[in-house]
Amino acid sequence: MQTKENIQNIAPYQPGVLKAGAIKLASNENPLGASPLALAAVKANLDKLQLYPDGGCVRLKDALAEYYGLTPEYFLPGNGSDEIFHFITAAFIRPAERVLTAEVTFSEYTFAAKLFAGAVDYAPLQDGKYQLAEILKKITPQTRVIFLANPNNPTGTYFSATELESFLKEVSGDTMVVIDEAYAEYAAAADYPDSLRLLKTFKNLLVTRTFSKIYGLAGLRVGYVIANPEVIAYLNKTREPFNVNTLAQTAAAAALNDGDFVRRSRENNAAGKKYLYAEFDKLGLKYYPTEANFIFVYIGQDCAAAFQKLLERGVTVRPMRSFGIRDAIRVTIGTPEQNQKFSAALKEIL
Ligand SMILES: Cc1ncc(COP(=O)(O)O)c(C=O)c1O
Numbered sequence: 001m002q003t004k005e006n007i008q009n010i011a012p013y014q015p016g017v018l019k020a021g022a023i024k025l026a027s028n029e030n031p032l033g034a035s036p037l038a039l040a041a042v043k044a045n046l047d048k049l050q051l052y053p054d055g056g057c058v059r060l061k062d063a064l065a066e067y068y069g070l071t072p073e074y075f076l077p078g079n080g081s082d083e084i085f086h087f088i089t090a091a092f093i094r095p096a097e098r099v100l101t102a103e104v105t106f107s108e109y110t111f112a113a114k115l116f117a118g119a120v121d122y123a124p125l126q127d128g129k130y131q132l133a134e135i136l137k138k139i140t141p142q143t144r145v146i147f148l149a150n151p152n153n154p155t156g157t158y159f160s161a162t163e164l165e166s167f168l169k170e171v172s173g174d175t176m177v178v179i180d181e182a183y184a185e186y187a188a189a190a191d192y193p194d195s196l197r198l199l200k201t202f203k204n205l206l207v208t209r210t211f212s213k214i215y216g217l218a219g220l221r222v223g224y225v226i227a228n229p230e231v232i233a234y235l236n237k238t239r240e241p242f243n244v245n246t247l248a249q250t251a252a253a254a255a256l257n258d259g260d261f262v263r264r265s266r267e268n269n270a271a272g273k274k275y276l277y278a279e280f281d282k283l284g285l286k287y288y289p290t291e292a293n294f295i296f297v298y299i300g301q302d303c304a305a306a307f308q309k310l311l312e313r314g315v316t317v318r319p320m321r322s323f324g325i326r327d328a329i330r331v332t333i334g335t336p337e338q339n340q341k342f343s344a345a346l347k348e349i350l
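Using our numbering, read the sequence shown as starting at 1 and increasing by one per residue.
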């Protein structure tokens with residue numbers, strides 16, 4: 001077998017641990033379940049599974065266009081935003097060209113780069129926060145794609161509209177800037193960017209969002225990219241013919257109308273965040289303020305051992321060792337009962 005070096009160098013993704021009977025607070029899923037409107041749409045389409053999906057995702061793009069007040073040409077759905085990242089690196093990265101991102105961020109950007117034999121540069125965070133000035137310093141003439149997660153996973157921090165706009169002004173139009181807004185619907189900060197407003201000015205801007213988080217549809221796999229029609233038409237060339245399945249398309253379109261579920265999910269998250277902050281404060285633990293549905297917290301002990309001890313107490317979280325951080329975990333904000341169970345288990349192990 002003749003293998004490719006760029007593929008040999010890929011470390012397979014480690015998903016959050018799922019254990020029967022344990023509460024899973026390891027993958028930033030929605031603890032309230034899935035959008036009821038989406039579930040009804042799934043049931044209503046179960047008699048169509050002998051047919052191929054709509055390859056062009058026409059209804060879903062129409063629904064997205066209506067939701068955002070743009071035209072359908074601005075959207076391209078994918079099998080999760082993970083697939084969108086592959087479209088982007090397939091379309092823009094030639095072997096040895098460079099992707100730029102942050103040191104402690106979502107690992108799929110590195111994976112997408114390596115898949116197409118790209119190289120990756122990393123800029124440091126400060127206090128868990130992207131430093132866009134540091135990212136600018138790392139740009140080279142070979143940098144083709146910059147991935148920025150806002151809010152960031154795993155730290156939950158965000159960069160502001162002003163920071164983003166001054167950053168974009170400094171980046172050449174030949175470098176594509178991807179803002180991964182997987183958790184945007186949770187962000188409540190007044191200065192969180194309205195990135196779509198910037199699409200007309202910055203033709204190299206791509207924004208990705210997902211139905212996996214606030215809409216509770218991680219198992220169906222639907223994400224999408226919003227960008228200028230020329231960029232979308234180009235990315236579309238990299239797509240497999242039926243990349244988003246029928247149930248995912250109909251569920252996603254229905255979920256966009258589920259304002260009530262989104263509101264309840266936001267409220268649950270805000271209340272859970274307040275509760276967990278207070279619990280961490282009582283325990284004297286340092287955490288980063290989050291705009292997402294999870295919290296990065298330093299626990300003052302080895303996170304791999306802590307992970308095991310929490311697992312024994314029926315809770316799974318994400319140890320931060322894969323990011324090179326020995327003494328922190330990331331915990332998804334759950335229901336009030338889940339948060340209490342996690343907090344009690346954490347107290348015990350500390
Ligand atoms: C920052 C970020 N982007 C994207 C994703 C993946 O989203 P999807 O389920 O749409 O592939 C995640 C999932 O955890 C994430 O944390």
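Glycine is no exception: its CB is placed at the ideal position from the N, C-alpha and C atoms.
In this text the structure is predicted, and so the values were computed from the model without any measurement.
- Exclusion of T290 from the 7 Å shell around ligand 1 follows from its C-beta lying no nearer than that to any non-hydrogen atom of the ligand.
- P151 is a Cβ neighbour of A292, given a cutoff of 8 Å.
- The Cβ-Cβ distance between L32 and N236 does not fall below 8 Å.
- With respect to the C-alpha of E5, the residue from S212, A96, R197 having the closest C-alpha is A96.
- Beta-bridge partners of A123 (DSSP): A102.
- Rounded to the nearest angstrom, the gap between the Cα atoms of G128 and A304 is 20 Å.
- Fully contained in the stretch 239-307 are the following alpha helix (DSSP H) runs of length 4 or more, in chain order: 246-255, 259-283.
- In this structure, the beta-carbon distance from Q308 to D327 does not fall below 8 Å.
- Annotation for P77: the continuous beta strand (DSSP E) segment containing it runs 75-78.
- Bridge partners of R209 according to DSSP: Y224.
- The beta carbon of N269 sits no closer than 7 Å to any heavy atom of ligand 1.
- In the DSSP secondary-structure assignment, Y130 is bridged to L125.
- The continuous alpha helix (DSSP H) containing L60 extends over residues 58-68.
- Per DSSP, the continuous alpha helix (DSSP H) segment holding T110 begins and ends at 108-115.
- Straight through space, the alpha carbons of R263 and F202 are spaced by roughly 31 Å.
- DSSP places F342 inside the alpha helix (DSSP H), whose first and last residues are 336-349.
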